[in-house]
Amino acid sequence: MTTSVTSIGLRGLEGYKVIVEVQIIPGRESVSLIGLPEASVKESKDRVMATLYANNCSFPGKKIIINLSPSEQKKNIPIFDLAMAIGLMKEMHYIQHEIPVNTAFLGALSLTGEIKSVKGMLPAILAAKKQNIKILYLPCIEDLPFTNIDGIELRFVRTLNDVLQSLSGKRIPNPSTMNLTKTSPQIIHYDKDFQYIIGHHQTKRALEIAAAGAHNVLLIGPPGSGKSLLSESLPSILPPLSNESQFDVMSIYQLAGVSQANPTQVPFRAPHHSSSSVSLIGGSSIPKPGEVSLAHHGVLFLDEMAEFPRRTLDMLRQPIETGKVTISRAATTVVYPSRFILIGAMNPCPCGYLGDRSHYCTCTPKQINTYQNRISGPILDRIDVILELKPVLLHGDSNEKVETSSVIRNRVIASRARQYKRYQGEFLNSSVPIERLVVGTTLQTDQKQMLQKWSASYQWSSRVQMKVLRLARTISNLSGDDKITNSALWEAMSLRRRKVVSSKSLGAR
Ligand SMILES: Nc1ncnc2c1ncn2[C@@H]1O[C@H](COP(=O)(O)OP(=O)(O)OP(=O)(O)O)[C@@H](O)[C@H]1O
Ligand SMILES: [Mg+2]
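For the sequence shown, our numbering assigns the number -17 to the initial residue and increments by one for each residue that follows.
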């Protein structure tokens, strides 16, 4: 006879059912674990045997075969210990009761029978729901953001003995008495706030538009002009994460083994320009999420963007375009989500002062060219807003209108709500499929002519023209207009007008 017990495996963030099959056949006393277990899963065998021994089980003196199905999929997290132990005990008749259908078991075991959490437990729990599991046995996880999910009964267990008692119909302690943290809305604190940024009205407005429609931005300016300050302030005007987005983000952080200060806050990732392509995109032999996925639902800030190796930057093309990154390794191919707002900051040339009125640029045209060419055409093509910054007088206009980030954030939230309503789903203007974008976005004849004229003079690709339309949609949306207005189209075109360095700046040398 064979006993089958269900567990959940992970391929990136995506979960799949793993059936742990246990069979005892005549032969020399031994245990074989098959079904492509990686090193950490192979060790499960000894943990399970030690736990059963500690729980007074005596072995049959025959050959035990444990198969992890589907057998062609590599298993790389030791989450199947509990399912293996239950399967073995059932096969050896230490468990008399039937295991209810659609029940799954998650968790690693200690040698004494305690059930432990492993990396990736949260995505596995969420995957169990998608896989139509109705009862899930899992370890007590201190930082789990919920103690119940609709449609699935979570049975938190501390030891193998708890599971045996529960299977025999006895009640196990209620999770609320187990000191698990419940989702409590945490107060979001931002280090940077727009109210403390002096001047830069046009850039602030552009960042508001970028936040509303999730458009990518490139800021170019001399040293000390406020590029990093503005970029680091962007999260403060973004809406807080929804519950689903929080779970996505927490799952990615868990898989990457990165700690997260506040799960409700939008992720802000600022990798250094010396970062390797693996740390940026994700990878290693068991592919882990990289910075592009850690920035999912948030912001990826590339400070000193021109200092990143061109090859590394070019790897961003797929994640920016598709909102996901596919990592293929010999053993497996995984897909991680990577929908973020890209914000890049760079100087216009190696010395930094090209086009600056108060400093003389010391770079040669060749140096400037080489510097600018570090950002390839395809990457620039994927940027919606390009802004040139000039230093502002910090003690200039004392009567300027100051807005806090929370005021701007409220406008962004309202604009996003209008976009969700318009597209009848969680789509934003920057990434909504074209067929949905164009519904009700027909430009008038004079608007088409204006766009054609600008496209010809700035040599915009079809992608950039589409980006301008998307930007115009967001600008109209922010002002509550249903149609694309002339002023919105004009503003959108002027936000994309600049090349990396305008001919005007070059002329100023
Ligand atoms: N508009 C501004 N309002 C308030 N403070 C500012 C502003 N611009 C710059 N600063 C101050 O100047 C500091 C330097 O600005 P920031 O680091 O943003 O410059 P940068 O453009 O990124 O320069 P670099 O090219 O050298 O990286 C900031 O920490 C901030 O204190
Ligand atoms: Mg900077």
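Note that CB positions come from ideal geometry on N, CA and C, so glycine has one too.
Per DSSP, what kind of secondary structure is residue i in: helix, strand or coil?
i       : result
Met71   : helix
Arg10   : coil
Gly195  : helix
Met328  : strand
Lys430  : helix
Val30   : helix
Tyr(-2) : strand
Gln5    : strand
Leu477  : helix
Glu25   : coil
Lys270  : strand
Phe229  : helix
Leu419  : helix
Leu237  : helix
Leu91   : strand
Gly264  : strand
Leu471  : helix
Ile466  : coil
Per DSSP, residue i forms a beta bridge with which residues?
i       : result
Ala86   : Thr(-12), Leu118
Pro319  : Lys306
Ile368  : Leu200
Phe176  : Answer is none; Phe176 lacks a bridge partner.
Arg(-7) : Glu(-4)
Pro42   : In the DSSP output, where bridge partners are listed per residue, Pro42 has none listed.
Ser53   : Paired residue(s): none; Ser53 is not in a bridge.
Pro19   : Lys57
Glu96   : Thr141
Phe250  : Val281
Gly77   : Note on identity: in this sequence residue 77 is Ile, with Gly being the wrong assignment. Its beta-bridge partners do not exist; DSSP assigns none.
Residues in its own chain within less than 6 Å of residue i by CB, not counting five upstream and five downstream?
i       : result
Arg(-7) : Val316
His341  : Tyr335
Val260  : none
Leu235  : The question names Leu, but residue 235 is Tyr in the sequence shown. For Tyr235, where only same-chain residues beyond five positions count, the Cβ hits under 6 Å are Gln242.
Lys486  : Note that Lys486 has pLDDT 43, beneath the 50 cutoff, so the model's placement of it is unreliable and the number below is only indicative. Closer than 6 Å at the Cβ level, and outside the excluded window around Lys486, lies no residue.
Ala470  : Ala454, Ile457, Ser458
Met71   : Ile77
Leu237  : Gly102, Pro271
Thr308  : Val317
Met475  : Trp436, Val450
Ile395  : Pro221
Asp173  : none
Once you ignore the five residues that flank residue i on each side, which residues in its own chain have a CB closer than 7 Å to its CB?
i        : result
Lys44    : Ile6, Ile7, Pro8, Gly9, Glu11
Glu385   : Phe176, Gln177
Ser(-11) : Val0, Val2, Ile61, Phe62, Ala65, Ala86, Phe87, Leu88
Pro205   : Asn329, Gly334
Leu149   : Ile77, His79, Ile81
Thr141   : Gly95, Glu96, Ile97
Lys209   : Leu201, Gly203, Ala327, Leu371
His255   : Glu286, Glu289, Phe290
For residue i, does the count of other Cβ atoms within 10 angstroms reach 16, so buried, or fall short, so exposed?
i        : result
Met(-17) : exposed
Pro19    : buried
Thr(-15) : buried
Tyr402   : exposed
Leu93    : exposed
Tyr(-2)  : exposed
Gly95    : buried
Ser53    : exposed
Gly272   : buried
Glu135   : exposed
Leu376   : exposed
Glu417   : exposed
His171   : exposed
Glu(-4)  : exposed
Ile123   : buried
Arg478   : buried
Val414   : buried
Lys465   : exposed
Asp144   : buried
Glu214   : buried
Pro347   : exposed
Arg293   : exposed
Examine ligand 4 and report whether any of its heavy atoms sits within less than 7 Å of the Cβ of residue i.
i      : result
Asp338 : Looking for ligand 4 in the displayed structure turns up nothing; the ligands present are ligand 1 and ligand 2.
For residue i, I'd like the list of residues in its chain whose CB is within less than 8 Å of its CB, leaving aside the five on either flank, ordered along the chain.
i      : result
Pro222 : Ile170, Thr246, Gln247, Val248
Met297 : Ser259, Leu262, Ile263
Lys57  : Gly(-9), Val0, Gly17, Leu18, Pro19, Glu20, Val23, Leu50
Gly239 : Lys101, Lys270
His197 : Ile191, Ile323, Asp366, Val367, Asn411, Ser412, Lys449, Arg452, Leu453, Thr456
Extract the residue ranges of the alpha helix (DSSP H) inside the stretch 100 to 155, only unbroken runs of 4 or more that lie entirely within it.
103 to 112, 142 to 149
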